Amino acid sequence: MLAVVETERSCFHRSTYTGEMPVRQMAKAPKGEKSFISKKPLQNCMNQQKLHGGCPLPEMKKNMERRRGRRKGKTDVDPATEIETGLSIGPPLSSKGIFFCRRPGFGQVGSRCIVKANHFLAELTNKDLIQYDVTITPEVSSRSMNRAIISELVRLYREIELGMKLPAYDGRKSLYTAGYLPFNSKEFVVKLVEEDGRIGIAREKEYRVAIKFVARAEIYHLQQLIAGRQTDAPQEALQVLDIVLRELSNQRYIPVGRSFYSPDIRKPQWLGDGLQSWCGFYQSIRPTQMGLSLNIDMSSTAFIEPLPVMEFAAQILGKDVLSKPLSDAECIKIKKALRGVKVEVTHRENVRRKYRISGLTSQPTRELIFPVDEQMNMKSVVEYFKEMYGFTIQHSHLPCLQVGNQKKANYLPMEACKIVEGQRYTKRLNDKQITSLLKVTCQRPREQEKDILQTVIQNEYEQDPYANEFGINVSSKLTLVEARVLPAPWLKYHDTGKEKQCLPHVGQWNMMNKKVINGCTINHWACINFSRGVQENTAFGFCQELAQMCQISGMKFNCEPVIPVYSAKPEQVEKALKHVYSAAMNKLKGKELELLIAILPDNNGSLYGDLKRICETDLGLISQCCLTKHVFKTGKQYLANVSLKINVKMGGRNTVLLDAISWRIPLVSDIPTIIFGADVTHPETGEDSGPSIAAVVASQDWPEVTKYAGLVCAQAHRQELIQDLFKTWNDPQRGTVTGGMIRELLISFRKATGQKPLRIIFYRDGVSEGQFYQVLLHEVDAIRKACASLEPNYQPPVTFVVVQKRHHTRLFANNHKDRSSTDKSGNILPGTVVDSKICHPTEFDFYLCSHSGIQGTSRPAHYHVLWDENNFTADEMQILTNNLCYTYARCTRSVSVVPPAYYAHLAAFRARFYMDPNISENSPTPTMGSVKPLPALKEKVKQVMFYC
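By the UniProt record's numbering, the letter at position 489 of the sequence shown is numbered 489, and the numbering carries on one by one without gaps.
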């Protein structure tokens with residue numbers, strides 16, 4: 001991302017990275033198992049440099065052996081091991097050749113309790129699962145049409161040709177049966193009456209369906225995984241079972257991803273602008289310690305309301321459309337909203353043909369004419385509908401809908417059409433719709449648990465013919481799981497405050513009688529006011545209150561601004577910011593303007609993003625934005641929270657873990673340790689271009705691990721692997737130059753602490769299970785290369801942890817009436833950790849609810865330790881992760897995700913504002929090599945927590 005200048009190499013010795021990495025504490029494989037050494041080149045490596053070997057992740061040794069090995073900080077391999085393998089090996093190179101970190105045991109710390117999980121035990125009988133390939137001719141692109149064809153085939157041929165088998169179908173190319181069909185390969189003929197959505201004509205069509213044997217999926221390997229005797233999950237068998245259990249729901253409901261929706265599950269709720277929310281449920285089968293588990297959760301999404309088109313148009317415009325003609329701008333707005341939407345006609349009594357809208361006519365209906373024959377005799381749309389259907393068009397001032405293709409467009413009057421039910425809305429929701437949807441989805445734990453149980457009852461798995469055919473028995477009871485509530489950590493504040501230490505209560509505390517442990521000093525600041533409703537004296541008074549709160553909180557804050565409050569128009573943001581900066585710098589005569597307080601309108605559009613982009617990438621200025629509503633209604637809690645943000649943005653610390661400054665955190669306090677957080681944010685759903693943004697933050701203080709510097713970069717559209725962790729390029733003067741985000745943050749840590757990191761802990765957010773191998777291989781390799789580029793043989797041990805919030809496991813109190821086992825919102829207590837029963841059979845993962853609920857049902861974070869060279873015990877990893885959640889800088893609450901991952905998300909979100917505002921939304925999707933880089937952060941900015 002940023003070139004590293006030659007002088008920075010003084011922190012570490014220069015070396016050339018050879019592409020090989022030292023073996024890390026390779027444990028001997030259990031008897032009967034062979035360690036697989038992959039010799040394939042590492043895929044997805046940024047420089048496509050071949051590595052010469054790979055190794056399985058080590059199995060964990062006994063506690064005493066592990067402790068002896070790590071307390072000395074020794075990371076080199078026993079020479080005997082290296083001679084035996086004949087290789088110097090780094091991260092594993094192929095998903096076939098590695099295993100993720102095995103569970104080192106179960107956690108013991110914390111008060112034990114029982115919680116309920118929305119996992120339902122699925123038991124199997126030993127039936128053969130057989131896969132067949134399906135080829136439909138002519139080819140069909142629609143899954144629903146494919147399903148209709150196969151459904152008709154089963155109806156026609158099940159009794160004789162299919163040997164009474166009831167197959168499950170994935171909607172594409174695969175058909176599955178419990179036991180073999182009477183043939184290896186056979187072709188069937190199926191006739192269906194279907195409707196052409198473009199022109200609305202129904203006709204019979206013939207399909208030829210070829211079914212051919214492919215393979216037998218092994219249930220045995222799945223049983224071995226669940227028993228802990230096998231490490232890699234047999235995906236084929238899991239996929240078959242998932243398809244089987246989804247088959248009936250596919251017929252009953254509307255499938256969207258892994259969820260199913262219906263207006264009958266719960267009454268649809270109005271979202272505005274022609275949309276409504278439908279309730280549905282998520283369903284997924286997964287291997288767990290207790291066996292196969294069916295994970296069921298409630299979900300909601302937006303659907304287009306099945307309204308008459310004229311009523312839909314009135315909602316879109318927020319006005320009556322019956323009387324006056326529409327303006328060009330209004331027509332464009334309706335056209336955008338309706339394009340691709342399926343409608344049915346209402347003017348033909350019992351005939352309800354369906355069409356897909358392709359556009360809107362530019363002329364009103366009364367002006368539309370079209371040829372009725374080859375002699376080009378013309379007739380008006382109004383006359384045609386009257387003569388052909390006896391339908392009088394009442395609102396001929398409105399445009400017509402265009403259906404079919406552009407070459408042969410059909411015209412339909414808006415008043416003769418109704419939107420077909422069950423069409424999911426895939427575009428971006430506006431703020432009001434998002435708020436409405438959140439209100440619908442926000443359920444108290446007791447209600448959500450009740451709805452999940454009701455869904456399981458409604459799905460009637462015990463009577464599901466497909467489940468019965470394949471021998472799957474699903475429990476109707478939530479799983480009872482043993483959990484532990486980890487204790488909250490003691491927090492340290494400044495000794496000049498009345499309260500020098502604090503023990504949070506139920507995940508919360510406050511700043512009363514406390515002073516931040518390291519308060520910043522602000523001598524030179526200015527205020528810019530973009531709100532027309534705020535007078536300059538009001539803005540000045542607000543700034544005085546904020547300055548006083550900062551002083552009370554333990555910061556040194558000069559109450560007088562460098563220049564008087566400057567008021568400006570939002571549309572002149574760049575000019576105004578540069579004026580304030582220039583005026584302040586002229587008055588300071590060489591000293592730095594340290595902070596800019598900006599007052600913004602409550603609805604400020606792009607102003608916030610423009611201000612941050614200019615300040616952080618152009619002026620090198622730290623800013624704090626405040627909304628107008630808070631200026632007029634200033635509360636102490638608000639001012640206290642803003643003061644916490646200002647302190648960390650200016651390089652201070654709010655609080656630290658008492659164990660950190662007492663050198664008592666296992667595998668952090670013993671040797672210099674750096675903690676990374678990383679995340680990638682992608683363009684919004686429906687946007688098919690625009691780069692993804694990667695962000696990496698890293699702790700810059702040790703032993704406190706509280707301050708995090710952050711770097712950001714743009715990369716290819718929806719690319720999940722972070723491309724700029726490590727990179728090399730050729731410089732005409734210096735030759736091959738190395739750089740990247742990891743390398744720069746390691747150098748920054750050395751400068752800040754005077755020591756190089758001897759241990760790396762890497763929390764990676766936003767990775768789905770299907771991407772675990774890719775991300776681990778690519779990103780651990782990048783960490784290795786970054787370290788090796790700084791000093792010969794510099795390879796600190798790495799622990800790589802994936803953090804997931806987008807999962808569907810929910811944990812409920814065993815007894816909702818027991819107030820001692822819940823917080824005020826009815827959720828499980830902060831610190832609740834689960835690492836048994838519903839977790840992976842062999843891998844090192846756990847669920848942690850580290851925060852107190854506010855509203856709705858809390859979602860625990862799922863932590864999955866993929867790679868661990870530091871040999872954490874379960875307790876050490878869980879306690880460290882939970883305790884870090886109490887160090888989040890922006891509030892006095894523990895947070896739901898470990899702060900380094902949270903900060904990386906904030907930094908990536910912030911960097912979206914840095915993108916060139918002149919790039920069109922419809923610009924072509926960038927390729928890997930053509931992504932326009934983000935403007936670089938100024939040095940002063942990237943050294944502090946600017947993203948807070």
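Cβ atoms here follow ideal geometry from the backbone N, Cα and C, with glycine treated the same way. Since this is a predicted model, take the numbers as computed values, not measurements.
> Can you list the beta strand (DSSP E) stretches of 3 or more residues lying completely in the segment 634-716, in chain order?
Replying inline: 673-681, 692-699, 708-715
> What are the uninterrupted segments assigned as alpha helix (DSSP H) that are 4 or more residues long and contained completely in the segment 820-887, given in chain order?
Replying inline: 874-884
>> With a threshold of 7 Å on Cβ separation, who are the neighbours of V931 within its own chain once the five nearest residues in sequence on each side are excluded?
In response: By 1-based counting over the sequence shown, the position of residue 931 is 931. Excluding positions up to five away in sequence, the list reads P691, A714, Q715, A716.
>> Taking the straight line between their C-alpha atoms, what separation do you get for N523 and E594?
In response: For the purposes of this step, residue 523 is identified with residue 523 of the sequence shown, where counting begins at 1. For the purposes of this step, residue 594 is identified with residue 594 of the sequence shown, where counting begins at 1. Roughly 7 Å separates the two Cα atoms.
>> Three or more C-beta pairs under 8 Å: does that hold for the segment 694-706 against the segment 783-795?
In response: no
>> Relative to the C-alpha of D495, which candidate in N513, D464, F530 has its C-alpha closest?
In response: By one-based count along the sequence shown, residue 495 stands at place 495. For the residues N513, D464, F530, the minimum Cα distance to D495 belongs to N513.
> Where do the N-terminal and C-terminal ends of the alpha helix (DSSP H) with I285 fall, by residue?
Replying inline: Your numbering for residue 285 matches position 285 in the sequence shown. Taken as a continuous stretch (DSSP letters only), I285 belongs to no alpha helix (DSSP H), being part of the beta strand (DSSP E) at 275-288.
>> If I measure Cβ to Cβ from G651 and keep anything under 6 Å in the same chain, skipping five residues before and after, which residues do I get?
In response: For the purposes of this step, residue 651 is identified with residue 651 of the sequence shown, where counting begins at 1. The answer, listed in chain order, is C520, V944.
>> Please list the terminal residues of the continuous alpha helix (DSSP H) segment that includes Q943.
In response: Counting from 1 along the sequence shown, the entry for residue 943 is found at position 943. It is not in any alpha helix (DSSP H) - Q943 carries neither H nor E in the DSSP assignment.
> Which class does A782 belong to by DSSP, given the choice of helix, strand or coil?
Replying inline: Within the sequence shown, the letter at position 782 stands for residue 782. Looking at A782 - three-state DSSP - the assignment turns out to be helix.
>> I'd like to know whether the C-beta atoms of K342 and K354 end up nearer to each other than 8 Å.
In response: Here residue 342 is taken as the residue at index 342 of the sequence shown, counted from 1. Here residue 354 is taken as the residue at index 354 of the sequence shown, counted from 1. Closer than 8 Å, so yes.
>> DSSP has T521 in a bridge; who is on the other side?
In response: Along the sequence shown, read from residue 1 onward, the residue named residue 521 stands at position 521. Looking at the DSSP assignment, T521 forms a beta bridge with K556.
>> Can you give me the C-alpha to C-alpha distance between K940 and I854, rounded to a whole angstrom?
In response: In the sequence shown, residue 940 corresponds to position 940, counting from 1. In the sequence shown, residue 854 corresponds to position 854, counting from 1. Cα-Cα distance, rounded: 36 Å.
>> Using a Cβ-Cβ cutoff of less than 7 Å, which residues in the same chain neighbour S920 once the five nearest sequence positions on both sides are dropped?
In response: What you label residue 920 is simply residue 920 of the sequence shown in a count that begins at 1. Caution is warranted here: a pLDDT of 43 is assigned to S920, below 50, making its placement in the model unreliable, and the coordinate value is therefore given only provisionally. Once the five neighbours on either side are set aside, S920 has no close Cβ partner at all.
> Considering only the beta carbon of each residue, do V803 and Y763 sit closer than 8 Å?
Replying inline: By one-based count along the sequence shown, residue 803 stands at place 803. By one-based count along the sequence shown, residue 763 stands at place 763. It is a contact, given that the beta carbons lie within the stated cut-off.
>> If you follow the beta strand (DSSP E) that F632 is in, where does it begin and where does it stop?
In response: Translated into positions along the sequence shown, residue 632 becomes position 632. Run containing F632: none in the beta strand (DSSP E); it sits in the alpha helix (DSSP H), 628-632.
> Count the other CB atoms within 10 Å of the CB of N473; is the residue buried (16 or more) or exposed (fewer)?
Replying inline: Within the sequence shown, numbered from 1, the residue matching residue 473 stands at position 473. Result: exposed.
> Where does R68 fall in DSSP's three states?
Replying inline: In the sequence shown, residue 68 corresponds to position 68, counting from 1. Bear in mind that a pLDDT of 33 at R68, under 50, signals an unreliable position, so the number given afterwards is only what the model happens to contain. If DSSP states are grouped into helix, strand and coil, R68 belongs with the helices.
> Could you give the distance in angstroms between the alpha-carbon of E779 and the alpha-carbon of I722?
Replying inline: By one-based count along the sequence shown, residue 779 stands at place 779. By one-based count along the sequence shown, residue 722 stands at place 722. Their backbone Cα atoms lie some 7 Å apart in a straight line.
>> For the segment 611-630 against the segment 549-563, do three or more pairs of beta-carbon atoms, one drawn from each stretch, fall closer than 8 Å, so that the two count as touching?
In response: no
> Would you say A483 and T832 are within 8 Å of each other, going by their C-beta atoms?
Replying inline: As a position in the sequence shown, residue 483 is number 483, starting the count at 1. As a position in the sequence shown, residue 832 is number 832, starting the count at 1. Against a cut-off of 8 Å, the Cβ pair of T832 and A483 comes out as a contact.
>> Just to confirm my understanding: we take F909, look at its own chain, exclude 5 residues before and 5 after, and list those with CB closer than 7 Å. What are they?
In response: For this step, residue 909 is matched to residue 909 along the sequence shown. Correct list, in chain order: T681.
> Rounded to a whole number of angstroms, what is the C-alpha to C-alpha distance between R66 and P666?
Replying inline: By 1-based counting over the sequence shown, the position of residue 66 is 66. By 1-based counting over the sequence shown, the position of residue 666 is 666. No answer about R66 holds up, because its pLDDT of 38 lies below 50 and its placement is not dependable.
> To which residues of the same chain is K116 closer than 8 Å at the C-beta, ignoring the five residues directly before and after it?
Replying inline: The residue you call residue 116 lines up with position 116 of the sequence shown. These residues qualify, in order along the chain: E449, L478, T479, L480, V481, L811, F812, A813, N814.
> Is it the case that the Cβ atoms of E545 and L639 are separated by a distance below 8 Å?
Replying inline: Numbered from 1 along the sequence shown, position 545 holds the residue referred to as residue 545. Numbered from 1 along the sequence shown, position 639 holds the residue referred to as residue 639. In contact: E545 and L639 (Cβ atoms closer than 8 Å).
>> So, at 8 Å on beta carbons, what are the nonlocal neighbours of residue 949 in its own chain, with the 5 sequence-adjacent residues on each side left out?
In response: Residue 949 falls outside the range modelled here, since the chain spans only 1 to 948, and no answer is possible.
>> I'd like to confirm the pairing. Which residues does DSSP put opposite H505 in its beta bridges?
In response: Mapped onto the sequence shown, residue 505 falls at position 505. Paired residues: Q508.
> Between A583, M549, Q108, which lies nearest to V565 when the distance is taken from Cα to Cα?
Replying inline: By 1-based counting over the sequence shown, the position of residue 565 is 565. Of A583, M549, Q108, the residue nearest in Cα terms is A583.
> Thinking C-beta only, is I783 closer than 8 Å to I747?
Replying inline: One-based indexing of the sequence shown puts residue 747 at position 747. One-based indexing of the sequence shown puts residue 783 at position 783. Going by C-beta atoms, I747 is not nearer than 8 Å to I783.
> In the DSSP assignment, what residue or residues form a beta bridge with M414?
Replying inline: Counted from its first residue, the sequence shown places residue 414 at position 414. In DSSP, M414 forms no bridge with anything.
>> Please state the DSSP three-state secondary structure of A122.
In response: Taking the sequence shown and counting its residues from 1, one reaches residue 122 at position 122. Strand, per DSSP.
> A936 to T617, Cα distance in whole Å?
Replying inline: Counted from its first residue, the sequence shown places residue 936 at position 936. Counted from its first residue, the sequence shown places residue 617 at position 617. Straight-line Cα distance between these residues: approximately 6 Å.
> From V154 to M145, what does the alpha carbon distance come to, in whole angstroms?
Replying inline: Looking up residue 154 in the sequence shown gives position 154. Looking up residue 145 in the sequence shown gives position 145. Distance between the alpha carbons of V154 and M145 is about 14 Å.
> I think T881 touches V898, with their Cβ atoms under 8 Å apart; what is that distance to the nearest whole Å?
Replying inline: Translated into the one-based positions of the sequence shown, residue 881 becomes position 881. Translated into the one-based positions of the sequence shown, residue 898 becomes position 898. Indeed they touch by this definition, with Cβ atoms about 5 Å apart.
>> DSSP three-state label for K267, please.
In response: Position 267 of the sequence shown, counted from the start, is the residue given in the question as residue 267. In the structure shown, K267 sits in coil (DSSP, three-state: anything other than H, G, I, E or B).
> If you pair each beta-carbon of the segment 106-114 with each one of the segment 864-878, do three or more pairs fall below 8 Å?
Replying inline: yes
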